[in-house]
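Numbering (the working numbering), first residue to last: -4 to 792.
What follows is the structure, given as structure tokens:
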């Protein structure tokens, strides 16, 4: 009888090279997450002990631990009565919109003009301040629960009106203008003084929350920031909060400045100072009074009892809405309505969004069956959820970064035991993860072990189930899964990859993986054609003649334009069965388009390479071509600079391998530069335009028979932003829900829209009224969302 003993180290790391992005043409490879959680392991190492043509439209027209917020000090309370203020300043409190309300006229969209928006919010604060005790001009003391609840309820539940003009007010300021290159690119240096005056007139009504003690057993209030993130000193004195747009140094152009948003938002914000010690906050408010502009308010919470125990738990940063990251209409669509609820693991994550991301990785990459349900691909959670008495799987293989190849003796022992009659043993092997194989350093013995492991899997899978798992469910196991597919299906490397890419399982290639798989293909071919039929047990070391194997290998003519050594060979991201997100390289590959049966392509900023062969048949109106057929835009936005073209490809002579293409939509001059906005497209565009751009599984008239690939240069910013907006609208998701889901789906590269586009999506969430419809989703301040995004991206640097 075989027993198992684990050798996996829970603290070991799965980390691979990665780099940060600053422009849309720089690839950021993803890696596995760095730390294993402490998880029980039921199996261990085997031992011998057991349109309309010419129409132009313009926009100018179980492992979880209990939440730290418990009933001991947090209670659910009814919303405060604010009727008197409503009567004094009437305003539409609900901005909820249906998912089919696009487009609308400016007066009918449910959002007030900018002046009305700012006026109402400002008056509310001024009226509220009259109820409070104040020590100085802008320092107000909140000393009753009634006033505390009133402020928080207004800020989080009522102040959610969409302000269309806000983005244009705060940009390019939020990109950071304190280096010469940044300043010169985004504004005219001669306009710095006037621009600073415009910034001082912005009414944002953002509140920054600052905790003034070191108590840690009660969670912080939502949107609490560290004061040190925005303080600066000159000659030992704290500088006033001001709009720093005077270039101080040379620097690089950066349109993804998530790191500095707390510092940059501070001059635009009011402040809320609190502590859990029931003490005055004078030490901190004295500093704020000296540095905060007089038109910004400082609220000091000085209630002499257990006030935090009386607040609604919504107001605490306690991960109370975390489950909605993993269980929402989008996740149901991807996994199916029958998918069980997910219990997140909350241990050992250095930041909130990393916790969300890793748990969502596990959620979306759990137990995928391939090869006629013979092989199951899973993750560490799936492994730990297999009962120790289960006989579902005969062979379990852990693809681990720390694993070495098993010995020939171990493989032989398993093989011989498997051949015994009435055998109910389960076998466990460890196998090196993807990214660790280098053909230049493979010994003959290692080659024999790999071939015998493949032979063992093929043998057992004929009559039993095999479970192959890695930490996240795909990055570590992809190479072994492809090699197994080659053996079981008796197909070439490329054919096996294509087969698996169309299966439910997710694949991930490191650049070195394709080099190894290409090298190993002739050996797998020899194994399939000769070794499996010839040997009834494992292959002896002396039986393999490498020269003979290479001689017998019949290399097939390469008919693919995708699979290249030391290139990124990952396929586009399958968001839904009919929607893929990818790069310019994906859209240019006939192999990709043919394999995925793509019928519609949406190209943002860059056209697929195959378009050049069609330029003699037609050209866009901005080009100087002499083509007879000029294609005109069907919609323009960003002050008519960005143009959307639709090309009906049915009248074109297309190359045979992409003959299924029916439509190309090209968005011209929509750049990933921190200047161009996506909001006009999301809000002002007519329904027939949005139906072509905003994609989802709920197929409208335009998408009913379509399989669409949407791409920009790399597929992480512009096209990803449109995809995030599509998910937000179609599934009524918050920005964080949609953003985290798309990051995980497109895990081979970091999805990160530039700061301007991300801010547009932040505002779009308010426009859709998502938070009002989903009361459990907490409202994150812009600067705090950016802080968490930066922490998450820092993990991969």
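We put the beta carbon where it would ideally sit given N, CA and C, even for glycine.
Because the structure is a prediction, the values reported are computed rather than measured.
(1) For residue 62, name the three-state secondary structure that DSSP assigns.
(2) Compute the Euclidean distance between the alpha carbons of residue 793 and residue 174, then round it to the nearest angstrom.
(3) Looking only at its chain, what residues have a beta carbon closer than 6 Å to the beta carbon of residue 222, apart from the 5 residues adjacent to it on each side?
(4) Within the same chain, show all residues whose beta-carbon is closer than 8 Å to that of residue 135, passing over the 5 residues directly before and after it, in chain order.
(5) Beta-carbon separation of residue 675 and residue 633 under 9 Å?
(6) Tell me the rounded alpha-carbon separation between residue 775 and residue 217.
(7) Compare the beta carbon distance of residue 741 and residue 701 with 9 Å and say whether it is the shorter of the two.
(8) Any heavy atom of the ligand SAH closer than 8 Å to the CB of residue 527?
(9) Which same chain residues end up closer than 6 Å to residue 793 when comparing Cβ atoms and leaving out the 5 residues on each side of it in sequence?
(10) Along the beta strand (DSSP E) that carries residue 706, what are the first and last residues, could you check?
(11) Could you name the residues of the same chain whose beta carbon sits closer than 8 Å to that of residue 249, not counting the 5 residues immediately before and after it, in chain order?
(12) Which two residues bound the contiguous alpha helix (DSSP H) that contains residue 793?
(13) Counting pairs of beta carbons, one from the region 189 to 205 and one from the region 766 to 782, are three or more of them closer than 8 Å?
(14) Measuring alpha carbon to alpha carbon, tell me which residue in 233, 285 and 388 is nearest residue 369.
(15) Check whether the region 656 to 663 touches the region 591 to 599, counting contact only when three or more Cβ pairs, one atom from each stretch, lie closer than 8 Å.
(16) Hey, which unbroken runs of the alpha helix (DSSP H) at 4 residues or more fall wholly within the region 168 to 252?
(17) Is it a yes or a no for the region 744 to 751 touching the region 300 to 312, going by three-plus beta-carbon pairs under 8 Å?
(18) Tell me whether the region 150 to 168 and the region 760 to 768 touch, counting them as touching only if at least three CB pairs, one residue from each stretch, are closer than 8 Å.
(19) How about residue 282 and residue 137: do their beta carbons lie closer than 9 Å?
(20) Under 8 Å by Cβ, that's how I've got residue 575 and residue 704 pegged, so tell me the actual separation to the nearest angstrom.
(21) Please look up how many angstroms separate the CB atoms of residue 208 and residue 272, rounded, as I've assumed it's under 8 Å.
(22) Hey, out of 565, 326 and 752, whose CA is closest to residue 733's CA?
(23) According to DSSP, is residue 10 part of a helix, a strand, or is it coil?
(24) Spell out the partners DSSP gives residue 426 in its beta bridges.
(25) Can you tell me where the alpha helix (DSSP H) with residue 590 in it begins and where it stops?
(26) So, for residue 786: in the same chain, excluding its five sequence neighbours on each side, which residues have a beta-carbon less than 6 Å away from its beta-carbon?
(27) How many angstroms separate the CA atom of residue 79 from the CA atom of residue 465?
(28) Drop a sphere of 10 angstroms on the beta-carbon of residue 384, count the other beta-carbons inside from all chains shown, and report buried for 16 or more, exposed for fewer.
(29) Quick one: Cα of residue 729 to Cα of residue 759, how far?
(30) Going by CA-CA distance only, name the one from 360, 149 and 336 that's closest to residue 736.
(31) Going by beta carbon distance, what residues of the same chain come within less than 8 Å of residue 322, once the five residues before and after it are set aside?
(32) Taking contact to mean 3 or more Cβ pairs, one atom from each stretch, closer than 8 Å, check whether the region 478 to 498 and the region 396 to 406 are in contact.
(33) Look up residue 371 in the DSSP assignment and give the residues it is bridged to.
(34) Mind the definition here: the region 506 to 513 touches the region 533 to 550 only if three or more C-beta pairs lie below 8 Å; say whether that holds.
(35) Can residue 636 and residue 588 be called in contact, C-beta distance under 9 Å?
(36) Excluding sequence positions up to five away, which residues of its chain have a Cβ less than 6 Å from the Cβ of residue 376?
By the coordinates alone:
(1) Residue placement at residue 62 cannot be trusted, given a pLDDT of 33 that sits under 50; what the coordinates show is reported in the next sentence. Residue state, collapsed to three classes: coil.
(2) No answer is possible for residue 793: it lies beyond the span of the chain, which begins at -4 and ends at 792.
(3) 205
(4) 124, 127, 128, 129, 292, 293, 294 and 295
(5) yes
(6) 7 Å
(7) no
(8) Of ligands this structure carries none, so the ligand SAH is not represented either.
(9) Here the chain has residues from -4 to 792 only, and residue 793 is not among them.
(10) 703 to 706
(11) 17, 170, 171 and 177
(12) Residue 793 lies beyond the stretch modelled for the chain, which goes from -4 to 792, so this question has no answer here.
(13) yes
(14) 388
(15) yes
(16) 175 to 181 and 187 to 195
(17) no
(18) yes
(19) no
(20) 5 Å
(21) 5 Å
(22) 326
(23) Unreliable positioning characterises residue 10 in this predicted model, as indicated by a pLDDT of 31, which lies under 50. The coordinate reading is nonetheless provided below. Of the three classes helix, strand and coil, the one that applies to residue 10 here is coil, per DSSP.
(24) 394
(25) 585 to 590
(26) 346
(27) Because the pLDDT at residue 79 is just 39, under 50, the model does not fix this residue reliably, and the value given afterwards should be weighed accordingly. Those two C-alpha atoms are separated by around 59 Å.
(28) exposed
(29) 9 Å
(30) 360
(31) 336 and 337
(32) no
(33) 364 and 462
(34) no
(35) no
(36) 357
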